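Taken in order, these protein sequences are the chains called P and Z. Counting in the working numbering, the final residue of the first sequence is number 205, and the numbers go up one at a time with none missing. Counting in the working numbering, the final residue of the second sequence is number 1223, and the numbers go up one at a time with none missing. Idealized CB from N, CA, C, for every residue including glycine. Being a predicted model, the structure only gives us computed values, none of them experimental. Have a look at the structure below before the remarks.
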Amino acid sequence: MSMVLIAVLALLALCLLCGAILGFAAVRFRVEGDPIAEQINALLPQTQCGQCGYPGCKPYAEAIAGGDKINKCPPGGEATIQALADLLDVEPEPLDAVEGEVPPRVAYIREAECIGCTKCIQACPVDAIVGAAKQMHTVIVSECTGCDLCVEPCPVDCIDMIELGSNLQSWKWDQPLAPGQLIASDREQAA
Amino acid sequence: MTSLNIWDIHGGIHPPEHKELSNRTPIQQAPLPARLILPVAQHLGAPAEPCVTISERVLKGQRIAEANGFVSAPLHAPTSGIVSFIGPQPYPHVSGLPATAIVIDSDGRDEWTALQAHADYRQLPPADLLEIIRQAGISGLGGAGFPTSVKLTAPRTQTIHTLIINGAECEPYITADDLLMREKAAELVAGIDVLEHLIKPQQVLIGIEDNKPEAIEAVRSAIGQRPYLLKVFPTKYPSGGEKQLIQILTGEEVPSGGLPVDIGMVCQNVGTCVAIHDAVLLGKPLISRITTLTGAALSRPMNVEALIGTPVAELLAFAGLDRGKLNRLIMGGPMMGFTLPSMDVPLVKTTNCLLAATLDELPPPPPALPCIRCGECADACPANLLPQQLHFFALGHEHEQLKAYNLFDCIECGACAYVCPSNIPLVQYYRAAKGEIRELEQKQQKAEHSRQRFEWRQERLRRAEERKEADRKARAERAARAKAVHAQASSAPLQDDPVARVQAQKTGTGLSEAQKKLKIEASMAQVALKKAEKQLSAHATPELEMQVAELRIAATDAQKALDKAITAASPTEVSSAPADGEAIKKAKIEAAMLRAQIRKLEKLEAHDAEQQAELTRLQTRLVEAEQALGGAGQGAPAAPRKPAGDEMLKKAKIELAMKRAELKKAEKAGADDAELSKLRDGLTRAEQALHVAEEKSAKPAPELVRTDKRPIDEQARALKTEAALARADLRKLERDADSDAAIVEAARQRLREAERMVQEYDS
């Protein structure tokens, strides 16, 4: 009887001790914010374009953490969807966008037509447009994320979205066809 | 000194060398091209910034583009000529994309700019020496094109103990360094002297493969008694790779992802050393280089010293290119070079070879077959990597794995692909994978940067919003406080509170909407009247006079209407301040005006009878006015009301003025007598009407003072002018001291005569 009692008491003591440690840890090592939302945010392209229906990348990251779909980011494209699917361990879905994936673009202000209204400056989420009231505005290409949020507010429609295209710095080698995937004439030659 | 103490590297291959094609003839001078294309990006790092303008004349060796940042190199004109274009031009790159270049049209004179040689470089501080090398635009001539001055700027934490001179030239076909060492061994050693002085290493090693006996001999004799160690080692590809050469010569390995400087070593190509010699001892910037022109499609393969910017097509034509035989044109060697998309591209600082290959020489690679995991590639890899594993990871785009298997240590030498029995283009996979990973990293970096900017912006907007909110609160508080004070004041009105008094006054004499309107109208009429009067005083025309008269009536009407409205609105206060005040003010003004007039008259020294009369009249009026003022001051009833006759009087006056104007106009226009007399009658009638009105009105009639201004006829004017001229002449002569007395007398006579004539005419 006493042995049973000792065992029960010992276990009880152990439980209390562990509970105390866990309780302490819960307070002392409390994680601020939602770590998964942060991780998701790191994968998003940060164009802040709002095409997902949320006012910026972070809100969308929080929404994904809350269970929203992962295929609402057109600037990120398939690569982002794949990365999100890997992170969250869900099935990748096709991109949910009318135009599909678009090549990277930047805004360009036709400076002769700009009237200096500052509306685009107020719309730019990353402060990539410089200018002042009644002065010509211009886009800092290296800072522009291509979100096209400045196009809509322009009263004289002097903003174009220009495709960046390929230059010597961004050019990269194409991956060759996987061995064995031969075009018909090569197959004859290899045989 | 020659040392045989060498190490071996892992892997490596022994492809056919084909060096004998081009190393049998001495270095030739390429003909001066008519047009030079100089891309601003011929080195690793930031492209240079052009510092010349189109149509500017440049001299040979003149700087045409500045280094743009630390990891950059300037660019110099290879010959004298005119800058004809700055913009996108063909560029030697696999993609065939154009790049910004400066185009110089050569003038054929090849005229040097002033050069500054530094034969006494040992006296210069290291920083100055480094700057000379930097300003000479030297970048690695071995193939990578890293700016040499950057490579020589050792980090402070690391001392360089070994300087390695790379004369391996391991790639097949290329013999540029071989010939350079044979023909310019003295310059090479002098360049090494400069480097040795600059870096002060413990040892200097010169590595040359054993397939260049003539070069070895030349360098050995040039070294003489210097403590440089010449190391000759067996030919093997790719022993000329920087990291591989270091391992062969010293037995040490550069750590993964690191640089030779991490283990205290610096490696320089032999061509770079000669360029340093030219820059420091001769003052010549890097404007030419030695390039191998080889391949079976050339009838005269050779090494040329060509100006940077020479079009490739011209060089190949010089070497006897047979376009029919040409299959592939490669810049660089057959292992690491790349196929040129066109022959318009220029020679750049990193071009060590142009290989014009026939179909037999470099047949197209057979189609790739699946990997059989034979492991040959791993045996051949000089970097100790696992090419087969990397290949599979690259196929699956497994970037993490690729990085874990040290993809970025791959030097892309092509040994693995060379030995692959399945003909898999392995290097292409690695290049593609490297590009993909770099691109992703760049994207991630940009995303991170954008996120930061976005967050900063949000933070800024939030702060602005907060400030606005605080301002708004402060304003509301102030307003509330003011209101409280006001409430206190109105509950116990203080006599000396100015705000309260003004407010009280406002409510006391508050004007209704209609009154306000009338007031505005009255003041507008006054303003219009004043304007017209001003114009009238400037140039009096009858039209204007009429207009002024009309305006005056309108203004009086408006003022009257306003007065009426005010009196009607406050009948109980008729006698109180405002109306009364008005009358007093008017009386005061009148009195003051009269006084001023009197004073004016009194000031005149000699009064004639008329003026005296005027003065007395004014004085009586002043007394009257003062009495009126006193009356008004005592009480409202005594305030001088405008009698009804005033209106009539004014009208009559206006009528008279109009009539007079009409008459004048008619006279001027030269109307006939009948009309004039009619007008004159009208004027007299108007005058009479005015007199009647004056009698009726309470105002005393103004005394008519008619100045008799007789019009001057032509003759009188002529006479008077003559008199004035004579007078002026006389004065002039009198002023002039040494004028002839006779002439003066004559002038006096003339004046007298003229005056007499005037008087005669007047009378």
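With contacts defined by Cβ atoms closer than 8 angstroms, Z/L575 and Z/L741 do not form a contacting pair. A straight line joining the alpha-carbon of P/G67 with that of Z/N844 spans about 50 angstroms. For the stretch 69-153 of chain P, the continuous alpha helix (DSSP H) assignments of 4+ residues that do not extend past its boundaries occur at 71-79, 91-102, 133-137, in sequence order. With a cutoff of 8 angstroms on beta-carbon distance, Z/Y633 and Z/L815 are scored as near each other. Cβ-Cβ distances below 7 angstroms link Z/Y890 to L850, A854, L867, C870, E872 in the same chain, with the five nearest sequence neighbours on each side left out; the list follows chain order.
For the 8 angstroms CB-CB criterion, P/V153 and P/V120 form a contact.
Secondary structure of P/D174 (DSSP, three-state): strand. Scanning its chain for C-beta atoms nearer than 7 angstroms, with the 5 sequence neighbours on each side dropped, one finds around Z/E1127 the residues L1136, in chain order.
Pairing Z/I620 with Z/P661 gives a Cβ-Cβ distance under 8 angstroms. Excluding the 5 residues flanking it on each side, Z/R1195 has no same chain C-beta neighbour closer than 7 angstroms. Residue-level contact check: P/S180 touches chain Z, since one or more beta carbons of chain Z fall below 8 angstroms from its beta carbon.
Residues of chain P with a Cβ closer than 8 angstroms to the Cβ of Z/E899 are, in chain order, S184, K186. Distances from the CA of Z/E1086 to each of Z/E1050, Z/T613, Z/D931, Z/E836 were compared; the closest alpha carbon is that of Z/E1050.
The Cβ atoms of Z/T732 and Z/G600 lie closer than 8 angstroms to each other. Per the Cβ contact rule, the stretch 560-576 of chain Z is in contact with the stretch 498-514 of chain Z (3 or more Cβ pairs under 8 angstroms). Proximity of the stretch 162-175 of chain P to the stretch 125-134 of chain P meets the contact definition, three or more beta-carbon pairs being nearer than 8 angstroms. At a cut-off of 8 angstroms between beta-carbon atoms, Z/S910 makes contact with chain P.
When secondary structure is reduced to three states using DSSP, Z/H737 falls in the helix class. Under the 10 Å beta carbon count, Z/Q948 is surrounded by fewer than 16 other beta carbons and is classified as exposed. At a cut-off of 8 angstroms between C-beta atoms, Z/L829 counts as an interface residue with respect to chain P. Using a Cβ-Cβ distance cut-off of 8 angstroms, the stretch 140-154 of chain P and the stretch 103-116 of chain P are not in contact, since fewer than three pairs of beta carbons, one from each stretch, lie closer than that value. At least 8 angstroms separates the CB of P/G64 from every CB of chain Z. Rounded to the nearest whole angstrom, the CA to CA distance from Z/E656 to Z/G597 is 20 angstroms.
In terms of beta-carbon proximity, P/E157 lines the interface with chain Z, with at least one pair separated by less than 8 angstroms.
Burial state of Z/K703 is buried, judged by a 10 Å Cβ sphere holding 16 or more other Cβ atoms. What Z/A559 touches in chain P, judged by beta-carbon distance under 7 angstroms, is L182, going in chain order. In this structure, Z/A537 is the residue among Z/A533, Z/A537, Z/A506 with its C-alpha nearest to the C-alpha of Z/E516.
Interface with chain P (8 angstroms Cβ-Cβ cutoff): Z/R891 is included. Burial state of Z/E926 is exposed, judged by a 10 Å Cβ sphere holding fewer than 16 other Cβ atoms. Look at Z/N465 here: in three-state DSSP terms it is coil, with no helix or strand label. Z/S599 carries a strand assignment under DSSP once its states are collapsed to helix, strand and coil. Contact between Z/I473 and Z/A840 holds, since their C-beta atoms are separated by about 6 angstroms, short of 8 angstroms.
For the options P/I54, P/C87, P/P88, the alpha carbon positioned closest to that of P/L102 is the one of P/I54. When DSSP states are grouped into helix, strand and coil, Z/K943 belongs to the helix group. Z/K1192 and Z/E1205 have their C-alpha atoms roughly 13 angstroms apart. From the listed residues Z/I497, Z/Q995, Z/V1008, the smallest Cα separation to Z/A985 is found for Z/V1008.
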